[in-house]
Amino acid sequence: MNFANVADSYDLHEIDIDFERRYFLTKGTGYPIVFLHGFPDHPFTFHAQVDYFNNLGFKAFIPYMRGYSPVEIIQDHKLEVCEAQLGLDVIHLMQALKIDKAILIGHDWGCAAAYAAAILRPDLIARAVTLGVPYGDVFFKKIISSIEQQKKSWYYFLLSSPLGELALLNGNFSLIGEIWEDWTKSSWKIDPLELNSIKQLFKKNQNYKLIAEYYRSFCPQHLTDECKILQQKIGKARLSVPWLYLHGDNDQCIDIEVARSANLQLFDNILYKEIGLSGHFLHRERPDVVNGELSKFILKE
21 MNFANVADSY
31 DLHEIDIDFE
41 RRYFLTKGTG
51 YPIVFLHGFP
61 DHPFTFHAQV
71 DYFNNLGFKA
81 FIPYMRGYSP
91 VEIIQDHKLE
101 VCEAQLGLDV
111 IHLMQALKID
121 KAILIGHDWG
131 CAAAYAAAIL
141 RPDLIARAVT
151 LGVPYGDVFF
161 KKIISSIEQQ
171 KKSWYYFLLS
181 SPLGELALLN
191 GNFSLIGEIW
201 EDWTKSSWKI
211 DPLELNSIKQ
221 LFKKNQNYKL
231 IAEYYRSFCP
241 QHLTDECKIL
251 QQKIGKARLS
261 VPWLYLHGDN
271 DQCIDIEVAR
281 SANLQLFDNI
291 LYKEIGLSGH
301 FLHRERPDVV
311 NGELSKFILK
321 E
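If you read the sequence shown in the numbering used here, its first letter stands for residue 21, the second for the next number, and so on.
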């Protein structure tokens, strides 16, 4: 299926939560799975997983992450982003949609949202899966101490600098394609139509300015008390939700040694798996393998 057909197969919804308009996609019917995308990406990234689980009786809910507005709106380009806010966005969306319990699947920044949501309201999460970014402070420790991770984090240093926005904007957002190429370590390549769709999403509303803030808002100043309390717990609090963690063995964004060094003792119940012959976008590069691991975990009695 080409990307145009993929995009047309979803329903787009909007909802107002805490005086903010939020957008999300749905597809299928059945038990809810909430998919959380990362950078530089969009909700359609999970279409192989969505179709697979639709056929197993699950309904997909895929929010556009904070800052990735898919429609023309007037918005504040001084967005502050932190893991706690992303987690609250997930919980608030579930509550607004009256979802009593769901499975969470997050990739890249979607991992941060899933971890925060699981700390805040574990009772709303039946099981959780994260791909590509481990829990805890291991990434930041490695970015300080590991030359290998420092090399792979070039994008992080660039986007956190004053040049970040200009770097994204340059050459009609050519950096986005370069990142996909750099982080994909298999024969799979992103459809040019889909890549263009991601670029258009960054361009719309000047979203790229907001998205760059993901790499700058280390200590946001204007958080609610609820958000501040949650932010202090992230990376330290234990996670009681049953968890599956997947990492590509040739990830050029987060080195495999970062994943291997993560403190799994922070989970009450975790299954750790490495996916061979794949990079950072493992759910795109090896969808059959990833879907197999997901289904074994999610359908486990």
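Backbone N, C-alpha and C define an ideal beta-carbon position, used for all residues, glycine too.
Cβ separation of residue i and residue j, assumed to be a contact under 8 Å, to the nearest whole Å
i, j, result
"GLU100", "ASN225", "Between ASN225 and GLU100 the Cβ distance is about 17 Å, and since that is not below 8 Å, they are no contact."
"PHE177", "ASP128", "About 17 Å separates the two Cβ atoms, so there is no contact after all."
"HIS33", "THR46", "6 Å"
"GLY255", "ASP143", "Rounded, the Cβ-Cβ distance is 21 Å, inconsistent with contact."
"ILE196", "ILE218", "6 Å"
"PHE44", "TYR84", "7 Å"
"ILE123", "ILE53", "5 Å"
"ILE125", "LEU56", "7 Å"
"LEU284", "ILE295", "About 17 Å separates the two Cβ atoms, so there is no contact after all."
"TRP203", "CYS273", "5 Å"
"LYS253", "ILE139", "5 Å"
"ALA80", "GLY107", "Between GLY107 and ALA80 the Cβ distance is about 19 Å, and since that is not below 8 Å, they are no contact."
Residue i, DSSP secondary structure in three states
i, result
"GLY152", "coil"
"ILE123", "strand"
"GLU40", "strand"
"ASP28", "helix"
"THR46", "strand"
"GLU92", "coil"
"LEU56", "strand"
"GLU246", "helix"
"GLU313", "helix"
"GLU103", "helix"
Buried or exposed by the 16-neighbour rule on C-beta atoms within 10 Å, applied to residue i
i, result
"GLU198", "exposed"
"ASP109", "buried"
"MET21", "exposed"
"TRP174", "exposed"
"PRO182", "exposed"
"LEU186", "exposed"
"PRO90", "buried"
"LEU259", "buried"
"ILE167", "exposed"
"ASN75", "exposed"
"GLN69", "buried"
"LEU221", "buried"
"PRO63", "buried"
"GLN115", "exposed"
"ASP211", "exposed"
"PHE73", "buried"
"GLY184", "buried"
"ASP61", "buried"
Residue closest to residue i, alpha-carbon to alpha-carbon, out of the options
i, options, result
"ALA134", "ASP120, ILE119, VAL153", "VAL153"
"GLY312", "VAL149, LEU284, ASN216, ALA136", "VAL149"
"LEU113", "ALA282, TRP129, ARG141", "ARG141"
"ALA24", "ASP271, LEU215, LEU195, GLU305", "LEU215"
"SER194", "TYR228, LYS162, LYS205, ILE167", "TYR228"
"GLY299", "ASN283, ALA279, GLN115", "ALA279"
"ILE145", "ILE163, ILE111, ASP71", "ILE111"
"SER206", "ALA136, ARG306, VAL70, CYS131", "ARG306"
"LEU189", "GLU201, LYS172, LEU230, PRO262", "LEU230"
"LYS320", "ASP61, LEU264, VAL309, ASN270", "LEU264"
"THR244", "ARG147, ASP61, GLN105, LYS79", "GLN105"
"LYS209", "PRO63, ARG304, CYS102", "ARG304"
"LYS121", "PHE78, LYS171, GLU201", "PHE78"
"ILE276", "LYS293, ASN289, ASP38", "LYS293"
Any C-beta of chain C under 8 Å from that of residue i
i, result
"ASN225", "The question asks about chain C, but that chain is absent: this structure has only one protein chain."
Check: residue i C-beta below 7 Å from any heavy atom of the ligand COA
i, result
"MET114", "Absence of the ligand COA from the depicted structure is noted, as is the absence of any ligand whatsoever, leaving it without description."
Report the residue ranges of all alpha helix (DSSP H) runs contained in full by the stretch 253-306; include only those spanning at least 4 residues, in chain order. 276-280, 302-305
Contiguous beta strand (DSSP E) assignments of at least 3 residues, all confined to the stretch 61-88: 78-83
Segments of 4+ residues assigned as alpha helix (DSSP H) that fall wholly inside the stretch 179-227: 184-203, 212-223
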